[in-house]
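Engineer: Take the sequence shown: its position 83, counting from 1, is numbered 83 in our numbering, and each next residue is one higher.
Quick reminder that beta carbons are idealized off the backbone N, C-alpha and C, glycines included.
Source: prediction; values computed, not measured.
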Amino acid sequence: MRILLIEDDAVLGEAVRDYVAGLGHAVDWMQTLDDGRGAAKAVDYDLILLDLRLPDGRGLTLLTELRRAGAVTPVIILTAHDQISDRIEGLNSGADDYLVKPFNLGELGARMLAVARRYAGSSLPVLETGALSIQLADRRVLRDGKPVDLSGREWAVLARLANRPEAIVSKSEIEEALYAFGSEIESNTVEVYVSRLRKKLGRDCVETLRGIGYRLGR
């Protein structure tokens with residue numbers, strides 16, 4: 001997924017960014033409300049991790065703005081506020097989930113996947129297609145019952161397709177899943193990773209629809 005992290009605490013922000021990136025997601029980390037607002041307007045994110053107390057304002061201000069503008073991007077609030085009233089306010093403002101600091105990074109990862117599955121309309125994080133079994137929650141893929149090792153970016157491409165198995169996914173959408181701000185994007189990057197997936201998972205694992213995009217093989 002392409003994820004926006006808005007967190008002003010340098011230590012926590014770095015830990016969350018590195019952990020989420022280690023799961024194979026692309027992460028843009030912003031440390032102020034204004035920078036977060038600009039990023040949210042510029043990029044169609046799959047998920048936003050939002051701190052409530054920022055140096056230039058409240059995270060709920062941004063959340064309210066997004067929901068009033070019709071944005072449906074899932075949002076998980078990360079905050080030190082543990083009062084029930086704060087949780088209620090956050091959820092009523094349009095948040096999808098709530099984690100109180102300090103939290104376990106493993107739990108954060110699980111909640112991210114749960115929220116993403118709800119938005120994708122799937123409660124089961126396992127997809128069977130041909131000889132492949134794609135286990136989204138565990139970031140594992142089996143071919144004929146045997147596990148296949150994928151790199152983080154190979155998994156990012158496969159997961160983007162698997163989360164929308166019937167849809168055609170454009171090249172630009174896959175590029176967004178691969179890179180965060182500041183990363184170099186080469187013109188043939190997507191083709192390279194699709195080719196690697198085909199070598200590991202079979203030639204039919206990804207369909208190419210020329211000039212349109214890619215789709216998980218049927």
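#1: Considering only residues of the region 71 to 132, which uninterrupted beta strand (DSSP E) runs meet the minimum length of 3 residues and lie entirely inside it, listed in chain order?
#2: Can you name, in chain order, every residue of its own chain whose Cβ lies under 6 Å from the Cβ of L49, other than the five neighbours on each side?
#3: Can you find the residues in the same chain that come closer than 8 Å, C-beta to C-beta, to V43, ignoring five residues on each side of it along the sequence?
#4: Measure how close the beta-carbons of L52 and G59 come, nearest whole angstrom, since I'm counting them as under 8 Å.
#5: Kindly indicate the opening and closing residues of the beta strand (DSSP E) around L47.
#6: Please classify I212 as buried or exposed, where buried requires at least 16 neighbouring CB atoms within 10 angstroms.
#7: Where do the ends of the beta strand (DSSP E) carrying V27 lie?
#8: Can you give me the Cβ contacts of G231 inside the same chain, cut-off strictly under 7 Å, excluding the 5 residues immediately before and after it?
#9: On a Cα-Cα basis, can you pick out the residue from L150, A10 and S170 that is closest to R198?
#10: Per DSSP, what kind of secondary structure is L268 in: helix, strand or coil?
#11: Within a Cβ cutoff of 6 Å, which residues of the same chain sit near M30, ignoring the five residues on either side of it in sequence?
#12: Would you tell me roughly how many angstroms separate the C-alpha atoms of D144 and L132, rounded to the nearest one?
Structural biologist: This is what the structure gives:
#1: 75 to 79, 97 to 100 and 126 to 129
#2: Here residue 49 is taken as the residue at index 49 of the sequence shown, counted from 1. Contacts found: L5, I76 and L78.
#3: Mapped onto the sequence shown, residue 43 falls at position 43. The residues are R2, L4, D28 and E176.
#4: Here residue 52 corresponds to residue number 52 of the sequence shown, with the count starting at 1. Here residue 59 corresponds to residue number 59 of the sequence shown, with the count starting at 1. Yes, they are in contact, since the Cβ atoms of L52 and G59 sit about 4 Å apart, within 8 Å.
#5: Taking the first residue of the sequence shown as position 1, residue 47 is located at position 47. Unbroken beta strand (DSSP E) run through L47: L47 to D51.
#6: Reading the sequence shown from its first residue, position 212 is the one you call residue 212. By the neighbour-count rule (16 or more Cβ atoms within 10 Å), I212 is not buried but exposed.
#7: On the sequence shown, position 27 is the one that residue 27 refers to. Start and end: A26 to M30.
#8: Because the chain in this structure spans residues 1 to 218, residue 231 falls outside the shown range and cannot be described.
#9: Against the sequence shown, residue 198 aligns to sequence position 198. Among L150, A10 and S170, the Cα nearest to that of R198 is on L150.
#10: Given that the chain is displayed from residue 1 to residue 218, the structure contains no residue 268 and the question cannot be resolved.
#11: For the purposes of this step, residue 30 is taken as the residue at position 30 of the sequence shown. Taken in chain order, the residues that qualify are I6, G36 and A39.
#12: What you label residue 144 is simply residue 144 of the sequence shown in a count that begins at 1. What you label residue 132 is simply residue 132 of the sequence shown in a count that begins at 1. Cα to Cα, the separation comes out at about 6 Å.
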